[in-house]
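Asker: Questions regarding the structure given below will be posed in turn.
Residue numbers (my numbering): 7 to 270.
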């Protein structure tokens, strides 16, 4: 018979077997692959187990990691400890017959230290500055307050109380007025001392630091009391004194209301 005219059916068995063999081999390969993929790592050959471990490690490492947010800077307050490091003027001192250990500098230092702790607890950064600190020129802060105390000499029965002042001339008068008003109000309420406005001097309104710091730094100076007649609160009530100044600064920073006292 001519091969060309051989019926197609007679050629199918050979080609069918070859095709079926290919199918069997393909299925066997697929089953083997799936078996390997689902077999626990402990039952796999070492190289394959290591490959899976590396792939898993890479997947975990590739997980997005967001950077830790940078904390916002805390507001800065400057506190000048009156007469600290001032060799030319160590501050007021008391007569040995009155109190040999009582000095203005000791009061200023004690109050400033407590004030610093109060403000840090409220979320501020605080610089304690010397009287002529090298950081004062161009100093930038939310506010700066200089702590002082009045004379230890007995002048008269009216020489008692506190006073607050800002620069006589400054580029931000509304801010300075606000800061001094806040300190005046809160300090008086905390200490119950009278306000001694009549003894504000040129040394206060022309205080040297006012002309050294950056013009955007609101500043004030406070005389916390007279060493003579106010001796008790200056030595035993320093926490109240520091709290009064703290409240005044918070009043300024928080733009709090100032309730005027009713004059009888």
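Just so you know, even glycine gets a beta-carbon here, dropped at the ideal spot from N, CA and C. Keep in mind the model is a prediction, meaning the values are calculated, not measured.
Quick one: what's residue 99 bridged to in DSSP?
Answerer: DSSP, once it has assigned bridges, lists 109 as partnering residue 99.
Asker: For residue 45, collect the residues of the same chain with a Cβ closer than 7 Å to its Cβ; drop the 5 residues on either side in sequence, then sort them by chain order.
Answerer: Its pLDDT being 47, under 50, residue 45 is placed unreliably by the model, and nothing is read from it.
Asker: Using DSSP bridges, identify the partner residues of residue 151.
Answerer: Bridge partners of residue 151: 85 and 226.
Asker: With the cut-off set at 8 Å, would you say residue 246 and residue 255 are in Cβ contact?
Answerer: Contact flag unset, no.
Asker: Is any heavy atom of the ligand NAD found at a distance shorter than 7 Å from the C-beta of residue 104?
Answerer: By its list of ligands, the structure shown contains no ligand whatsoever, and the ligand NAD lies outside what it can speak to.
Asker: When DSSP labels each residue in this structure, what does residue 68 get in the three-state scheme?
Answerer: Reliability of the predicted coordinates at residue 68 is poor, the pLDDT of 47 falling under 50, and the value obtained from them is presented with this limitation in mind. DSSP places residue 68 in coil when its eight states are reduced to three.
Asker: Which same chain residues, not among the five before or five after residue 199, have their C-beta less than 8 Å away from its C-beta?
Answerer: 166, 167, 168, 193, 231, 236 and 239
Asker: Among 177, 148 and 153, whose alpha-carbon lies nearest the alpha-carbon of residue 259?
Answerer: 148
Asker: Count the other CB atoms, across all protein chains shown, that sit within 10 Å of the CB of residue 265; report buried if there are 16 or more and exposed otherwise.
Answerer: exposed
Asker: Please name the residue in 222, 233, 172 and 221 whose C-alpha comes closest to that of residue 203.
Answerer: 172
Asker: So, are the CB atoms of residue 224 and residue 185 less than 8 Å apart?
Answerer: yes
Asker: Does the distance from the C-beta atom of residue 158 to that of residue 99 stay below 8 Å?
Answerer: yes
Asker: Can you say whether residue 65 is buried or exposed, counting buried as having 16 or more other CB atoms within 10 angstroms of its CB?
Answerer: Reliability fails at residue 65, whose pLDDT of 49 lies under 50, so the model's placement of it is uncertain and the value that follows must be treated cautiously. That one is exposed.
Asker: Comparing alpha-carbon positions, which option in 96, 90, 197 and 233 lies nearest residue 163?
Answerer: 233
Asker: Let's see if you can read the secondary structure: which residues bound the beta strand (DSSP E) around residue 131?
Answerer: 131-135
Asker: Using the Cα positions of residue 143 and residue 128, report the straight-line distance between them to the nearest angstrom.
Answerer: Residue 143 and residue 128 have their alpha carbons spaced roughly 27 Å apart.
Asker: When DSSP labels each residue in this structure, what does residue 172 get in the three-state scheme?
Answerer: coil
Asker: Whose C-alpha, out of 228, 92, 257 and 217, is nearest the C-alpha of residue 138?
Answerer: 92
Asker: Any beta-carbon of chain B closer than 8 Å to the one on residue 92?
Answerer: Absent from the structure is chain B; it holds one protein chain and no more.
Asker: Can you tell me whether residue 221 is buried or exposed, with buried defined as 16 or more other CB within 10 angstroms of its CB?
Answerer: exposed
Asker: Between the C-alpha atoms of residue 209 and residue 124, what's the straight-line distance to the nearest angstrom?
Answerer: Separation of residue 209 and residue 124 (C-alpha to C-alpha, rounded to the nearest whole angstrom) is 28 Å.
Asker: Can you tell me whether residue 197 is buried or exposed, with buried defined as 16 or more other CB within 10 angstroms of its CB?
Answerer: buried
Asker: For residue 97 versus residue 88, is the C-beta distance shorter than 8 Å?
Answerer: Judged by their CB atoms, residue 97 and residue 88 are nearer to each other than the 8 Å cut-off.
Asker: When you compare the CB positions of residue 152 and residue 215, do they come within less than 8 Å of one another, or not?
Answerer: yes
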